[in-house]
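**Student:**
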Amino acid sequence: MSVFLILTVLGVLALAGFVLARQRAMALAGGDARRLHSRPNYYGWHGSIMAAVPAMLFLAVWQIVQPMVIESRLSGMFPPEMVQDDSARTLLFADVRRIAAGLESAIASGAMSADEASALDAGAVRDRLAATGVALGADVQPETLAAAQEYRGLATVGGLWRTVLVLALAVAGLAYAIKLTGPEFRARNRVEGVVLALLMLASTIAILTTVGIVLSMLSESIRFFGMYPIQDFFFGLTWSPAFQGNSQLGLLPLLWGTLYITLISMLVAVPVGLFAAIYLAEFADARVRAVVKPLIEVIAGIPTVVFGLFALVTVGPLVRDWIAMPTGLGNSGSSVVTAGIVIGILNIPFISSLSDDIITAVPQSLRDGSLGLGATKAETVTQVVLPAALPGIVGAVLMATSRAIGETMIVTMGAGAAAQLNLNPFEAMTTITVKIVSQLTGDTEFNSPETLVAFALGISLFVITLCLNVFALWIVRKYREQYE
Amino acid sequence: MNDMRLVERDVSNRQAKIEARGVQVHYGEKHALKDVDVAILDRTVTAFIGPSGCGKSTFLRCLNRMNDTVASAKVAGRITLDGQDIYDPRIDPVQLRAKVGMVFQKPNPFPKSIYENVAYGPKIHGLARSKAELDEIVETSLKKAALWNEVKDRLAAPGTGLSGGQQQRLCIARAVATAPEVLLMDEPCSALDPIATAQVEELIDELRSQFSVVIVTHSMQQAARVSQKTAFFHLGSLVEYGETGQIFTTPQDPRTEAYITGRIG
Ligand SMILES: Nc1ncnc2c1ncn2[C@@H]1O[C@H](COP(=O)(O)OP(=O)(O)OP(=O)(O)O)[C@@H](O)[C@H]1O
Ligand SMILES: [Mg+2]
């Protein structure tokens, strides 16, 4: 039975569990739901859960463990030198699985009989499988074909056992649930426990992913620092990678570019976004708001690459011709200011829309209290409403900052790709994200410092945003003004 | 009603501080206040009584133009403060509200420290020239509102962390600190125990020597104890307005009598 079919059967069993457990509970209570510990539906849910959940968990574990077991049994069939290296071994088993799957599908489609498939010869496999639509990269070694045949056998047996065990577990769970069901049984607590576990799982997934990301980047970064001195990376003032070797991979110019562009973009986005939010939440009447708010939010939907074009053909030349050249500060079409302004515009709707929601959520009674004491509207907004909304606004600004730090496209097109340490905002500069991309594009392997540096850059970026978050949390804690 | 403390009832020689003539309020379609005429006297405590939903808060909010903040509210008629029409375009509602302070029916402390809550009005209106003076105002206001002893050690704690009754007194202190000429109090004792209630009533009595106080209350005893004039509202109309003693002993209107004896409400 295929996994899909098993899941379907489990679904049916779960449904049966619901109906049977609910019926039994009602029957034992003599038809009076109030004599049960929990509401009847909870008994039903308990039946469903007991039928489906343990079986599904078992199935998931089986799916993970079965290939591992089979592979470890098959590796004995190859000469040791073929399976010594990790990546060679991975490729080999990928081939084994493909051949096995190809043979199965050939049999299923009738292109080969089962006997023919078992008797196939290593030289002919490639052509026969190509005829059925399974393309193999290289000629098949006899060992590989033997392993594939063995794999088929083991997988068939494993599949059979899987089906039997999973369904047996489901039926046993169902029976157990029905046996437990009775007026005294605390079904609600059980069901709520399961739901709680589900909620906890959901919250840990995000955390676990973060941990996973950090760990994977960390291991590559450690490899990088094995090849390149750590102090040269963190304190180096020059960024000039050369693929022949002898690169200078100093973080500081990139870090400077990132922070500079982020700063300028926030100088644009925070005041404009915040003022827009204050206007919308406190002064605009309902009809204006209904039109203006969605219009501002449209900006958020524009792909950043389109913003990049805008930076390239409009903002860049404007900044150069009207500010940089007349003041003699530079003559480059791409500059920190250009990218900063455009990223700022990109972030306006984030700040304005989120802040507007947060300001609107401040209770009217607080505004009344302030106005009732003879405060002006402006005093009310600045001294009561904004402080009350501050934690949320800081959150919004933080989100925008992270976006600015992580922005790549607009920087590439607006600020250029030249890594340099310069105070002049009308010069071309670049950021960490741009360099991560440019170090990884092209046909490269992860074994030279020039490519591995991308991971070190990535983890530095991660640490920066993490510090930013911690800082923001601290601000929020410090200035939090709670209202009910 | 033997427990009534007899306060000085003779206020007939006082001048009118606020005069309302033909005040109508509509909330959208709803006609919430119908043709109300009242003269609130200077240095007098006036009580508004009446069943829930009869328009007491609505009328109170007209007196300092707080209804301006309710988009659906339309106020018609004429209300004067010291002879000045307060709905005249030349009058700034901000200045008006500094003179006519308000304690709201629902306590609404700012999400700031207790100290900042009380200091808010004085700071805005520049009532204190130094930090010491401000401290002084905060302390006396909190003492007047009978809250000082409970909060003097935690002035920096958030005002929203106080109990419901404490929040109510904090809002009273906040309004008193702004030194208004008229104080509008919407059920200021609804969540207070008898001791705090007595202290607030004492405060009201004290304020009377300089200001006008208007108090909305559901307690007949309280109206009788603290006020010199009483207005009875019913279904959006002002049914009867007169000396408190007269309203409670010889009401003219059968609805007033029914209400104070507990037959409607
Ligand atoms: N913002 C508003 N929008 C619409 N209707 C309102 C609004 N505020 C009050 N009303 C209506 O106006 C009428 C008078 O309300 P008001 O708050 O003045 O009553 P009240 O006498 O203060 O009652 P209570 O003693 O319960 O506080 C009520 O019927 C109420 O439903
Ligand atoms: Mg009211």
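Quick note, the sequences are listed as chains A and B, same order. So the first sequence is numbered by this note's numbering: it starts at 772 and just counts up by one. So the second sequence is numbered by this note's numbering: it starts at 21 and just counts up by one. Glycine included, each C-beta is placed from N, C-alpha and C at the ideal position. Every value quoted in this text rests on a predicted model; they were computed, and no experiment measured them.
1) Output yes or no for whether 8 Å exceeds the beta carbon distance between residue 116 of chain B and residue 99 of chain B.
2) Taking the DSSP output, what are the residues bridged to residue 53 of chain B?
3) Please tell me whether, using a cut-off of 7 Å, the distance from the CB of residue 257 of chain B to the nearest non-hydrogen atom of ligand 1 is below it.
4) Can you find a heavy atom of ligand 2 that lies under 7 Å from the Cβ of residue 206 of chain B?
5) Applying a beta-carbon distance threshold of less than 8 Å, which residues of chain B neighbour residue 1044 of chain A?
6) Exposed or buried, residue 1001 of chain A, counting other C-beta atoms within 10 Å across all chains shown (16 or more means buried)?
7) Return yes when the C-beta of residue 188 of chain B is under 7 Å from any heavy atom of ligand 2, and no when it is not.
8) State the Cα-Cα distance for the pair residue 863 of chain A and residue 924 of chain A, rounded to the nearest angstrom.
9) Report yes or no: do the segment 979-991 of chain A and the segment 1161-1179 of chain A share at least 3 C-beta pairs separated by less than 8 Å?
10) Please classify residue 1102 of chain A as buried or exposed, where buried requires at least 16 other C-beta atoms within 10 Å of its C-beta.
11) Just to confirm, are residue 45 of chain B and residue 36 of chain B a CB contact at a threshold of 8 Å?
12) Against chain B, which members of the segment 1139-1159 of chain A pass a CB distance test of less than 9 Å?
13) Following a CB-centred definition, is residue 125 of chain B positioned closer than 7 Å to any heavy atom of ligand 1?
14) List, in order along the chain, the chain B residues whose C-beta lies closer than 7 Å to that of residue 1137 of chain A?
15) In this structure, how does DSSP classify residue 868 of chain A when only helix, strand and coil are distinguished?
16) By the DSSP assignment, the alpha helix (DSSP H) with residue 144 of chain B in it spans what residues?
17) Applying the 10 Å Cβ sphere with the 16-neighbour rule, what's the burial state of residue 191 of chain B?
18) Do the CB positions of residue 969 of chain A and residue 826 of chain A come within less than 8 Å of each other?
19) Pop quiz: residue 1024 of chain A and residue 1191 of chain A are said to be a contact at Cβ under 8 Å. What is the actual Cβ separation, rounded to whole angstroms?
20) Assuming the contact rule is C-beta atoms closer than 8 Å, residue 212 of chain B and residue 187 of chain B should be a hit. Round their C-beta distance to whole Å, please.
21) Short check: CB of residue 63 of chain B to CB of residue 257 of chain B, under 8 Å?
22) Residue 1130 of chain A to residue 1055 of chain A, Cα distance in whole Å?
23) Flag residue 93 of chain B as yes if its beta-carbon sits less than 8 Å from any beta-carbon of chain A, otherwise no.
24) I'd like to confirm the pairing. Which residues does DSSP put opposite residue 105 of chain B in its beta bridges?
25) Between which residues of its own chain and residue 128 of chain B is the CB-CB distance below 6 Å, once the five residues before and five after are set aside?
26) Taking 7 Å as the cut-off, is the C-beta of residue 210 of chain B nearer than that to any heavy atom in ligand 4?
27) Can you list the residues near ligand 1, meaning Cβ strictly closer than 5 Å to any non-hydrogen atom, in the order they appear in the chain?
28) Going by DSSP, what residues sit across from residue 121 of chain B in a beta bridge?
29) Count the other C-beta atoms from every protein chain shown that fall within 10 angstroms of the C-beta of residue 1022 of chain A, then say buried if there are 16 or more, exposed otherwise.
30) Under 8 Å between the Cβ atoms of residue 963 of chain A and residue 845 of chain A?
31) Please tell me whether, using a cut-off of 7 Å, the distance from the CB of residue 234 of chain B to the nearest non-hydrogen atom of ligand 2 is below it.
32) Near residue 1100 of chain A, which residues of its chain fall below 7 Å by C-beta distance, leaving aside the five closest residues on each side in sequence?
33) Apart from the five residues on each side of it in sequence, which residues of its chain come closer than 6 Å, Cβ to Cβ, to residue 26 of chain B?
34) Name the DSSP beta bridge partners of residue 1148 of chain A, please?
35) Suppose only complete runs of 4+ residues qualify. What are the alpha helix (DSSP H) ranges in the segment 1085-1171 of chain A, listed by chain order?
36) Among residues of its own chain, excluding the 5 on either side of residue 849 of chain A, which ones have a beta-carbon nearer than 6 Å to its beta-carbon?
**Tutor:** According to the structure shown:
1) Your numbering for residue 116 of chain B matches position 96 in the second sequence. Your numbering for residue 99 of chain B matches position 79 in the second sequence. Their beta carbons are not under 8 Å apart, which means residue 116 of chain B does not touch residue 99 of chain B by this criterion.
2) Taking the second sequence and counting its residues from 1, one reaches residue 53 of chain B at position 33. Residue 53 of chain B is bridged by DSSP to B:45.
3) Residue numbering aside, residue 257 of chain B sits at position 237 when the second sequence is read from its first letter. If you check the C-beta of residue 257 of chain B against ligand 1, you find no heavy atom less than 7 Å away.
4) In the second sequence, the residue the question calls residue 206 of chain B occupies position 186. Yes, ligand 2 has a heavy atom inside 7 Å of this Cβ.
5) Taking the first residue of the first sequence as position 1, residue 1044 of chain A is located at position 273. Correct list: empty, because the minimum Cβ distance to chain B is about 23 Å.
6) Position 230 of the first sequence, counted from the start, is the residue given in the question as residue 1001 of chain A. Around the beta carbon of residue 1001 of chain A, fewer than 16 other beta carbons lie within 10 angstroms, which makes this residue exposed.
7) Taking the first residue of the second sequence as position 1, residue 188 of chain B is located at position 168. Checking the Cβ of residue 188 of chain B against ligand 2 gives no.
8) By one-based count along the first sequence, residue 863 of chain A stands at place 92. By one-based count along the first sequence, residue 924 of chain A stands at place 153. Going by the C-alpha atoms only, they are around 18 Å apart.
9) Not touching, per the Cβ criterion.
10) If you number the first sequence from 1, residue 1102 of chain A lands on position 331. Exposed, by the Cβ-count rule.
11) The count along the second sequence starts at 1 and reaches residue 45 of chain B at position 25. The count along the second sequence starts at 1 and reaches residue 36 of chain B at position 16. Contact check for residue 45 of chain B against residue 36 of chain B fails: the beta carbons are separated by 8 Å or more.
12) Cβ contacts with chain B: 1139, 1140, 1141, 1142, 1143, 1144, 1145, 1146, 1147, 1148, 1150, 1154, 1155, 1158 and 1159.
13) The sequence position of residue 125 of chain B within the second sequence is 105, counting from 1. True, at least one ligand heavy atom lies under 7 Å from that Cβ.
14) Start at 1 with the first residue of the first sequence, and residue 1137 of chain A comes out as number 366. Under the 7 Å cutoff, chain B gives 128 and 130.
15) In the first sequence, counting from the first residue as 1, residue 868 of chain A sits at position 97. In the structure shown, residue 868 of chain A falls within a helical segment according to DSSP collapsed to helix, strand and coil.
16) Position 124 of the second sequence holds residue 144 of chain B. According to the DSSP assignment, residue 144 of chain B belongs to the alpha helix (DSSP H) that extends over 134-145.
17) Locating residue 191 of chain B in the second sequence gives position 171, counting from the first residue. Buried, since its Cβ has 16 or more Cβ neighbours within 10 Å.
18) Locating residue 969 of chain A in the first sequence gives position 198, where the first residue counts as 1. Locating residue 826 of chain A in the first sequence gives position 55, where the first residue counts as 1. No, the pair does not count as a contact, with Cβ atoms beyond the cut-off.
19) Within the first sequence, numbered from 1, the residue matching residue 1024 of chain A stands at position 253. Within the first sequence, numbered from 1, the residue matching residue 1191 of chain A stands at position 420. Sure, about 6 Å apart at Cβ, within 8 Å.
20) Locating residue 212 of chain B in the second sequence gives position 192, where the first residue counts as 1. Locating residue 187 of chain B in the second sequence gives position 167, where the first residue counts as 1. Not a contact, Cβ separation roughly 11 Å.
21) Taking the second sequence and counting its residues from 1, one reaches residue 63 of chain B at position 43. Taking the second sequence and counting its residues from 1, one reaches residue 257 of chain B at position 237. Residue 257 of chain B is positioned such that its CB atom lies no closer than 8 Å to that of residue 63 of chain B.
22) The residue you call residue 1130 of chain A lines up with position 359 of the first sequence. The residue you call residue 1055 of chain A lines up with position 284 of the first sequence. Each residue's alpha carbon lies about 13 Å from the other.
23) Against the second sequence, residue 93 of chain B aligns to sequence position 73. It does not; no Cβ of chain A falls within 8 Å.
24) Within the second sequence, residue 105 of chain B is the residue found at index 85, counting from 1. In the DSSP output, where bridge partners are listed per residue, residue 105 of chain B has B:100.
25) Taking the first residue of the second sequence as 1, we reach residue 128 of chain B at position 108. Sequence-distant Cβ neighbours of residue 128 of chain B in its own chain, meaning closer than 6 Å and more than five residues away, do not exist here.
26) Although ligand 4 was asked about, the structure shown includes only ligand 1 and ligand 2 as ligands.
27) Counting every residue whose Cβ lies closer than 5 Å to a heavy atom of ligand 1, we get B:47, B:52, B:72, B:73, B:74, B:75, B:76, B:77, B:78 and B:90.
28) On the second sequence, position 101 is the one that residue 121 of chain B refers to. DSSP output for residue 121 of chain B lists B:203 as bridge partner(s).
29) For the purposes of this step, residue 1022 of chain A is taken as the residue at position 251 of the first sequence. By the beta-carbon neighbour count (other beta carbons within 10 angstroms, threshold 16), residue 1022 of chain A is buried.
30) The residue given as residue 963 of chain A occupies position 192 in the first sequence. The residue given as residue 845 of chain A occupies position 74 in the first sequence. In this structure, residue 845 of chain A does not lie closer than 8 Å to residue 963 of chain A by Cβ.
31) Your numbering for residue 234 of chain B matches position 214 in the second sequence. No; taking the cut-off as 7 Å, the Cβ of residue 234 of chain B has no heavy atom of ligand 2 nearer than that.
32) Translated into the one-based positions of the first sequence, residue 1100 of chain A becomes position 329. So the list reads 1195 and 1197, once near-sequence residues are dropped.
33) Sequence index remark: in the second sequence, residue 26 of chain B carries index 6 (1-based). Because the pLDDT at residue 26 of chain B is just 48, under 50, the model does not fix this residue reliably, and the value given afterwards should be weighed accordingly. So the list is empty, once near-sequence residues are dropped.
34) Numbered from its first residue, the first sequence carries residue 1148 of chain A at position 377. DSSP output for residue 1148 of chain A lists no bridge partner at all.
35) DSSP runs (the alpha helix (DSSP H)) wholly in the segment 1085-1171 of chain A: 1087-1090, 1107-1131 and 1135-1143.
36) Taking the first residue of the first sequence as position 1, residue 849 of chain A is located at position 78. Around residue 849 of chain A: 914.
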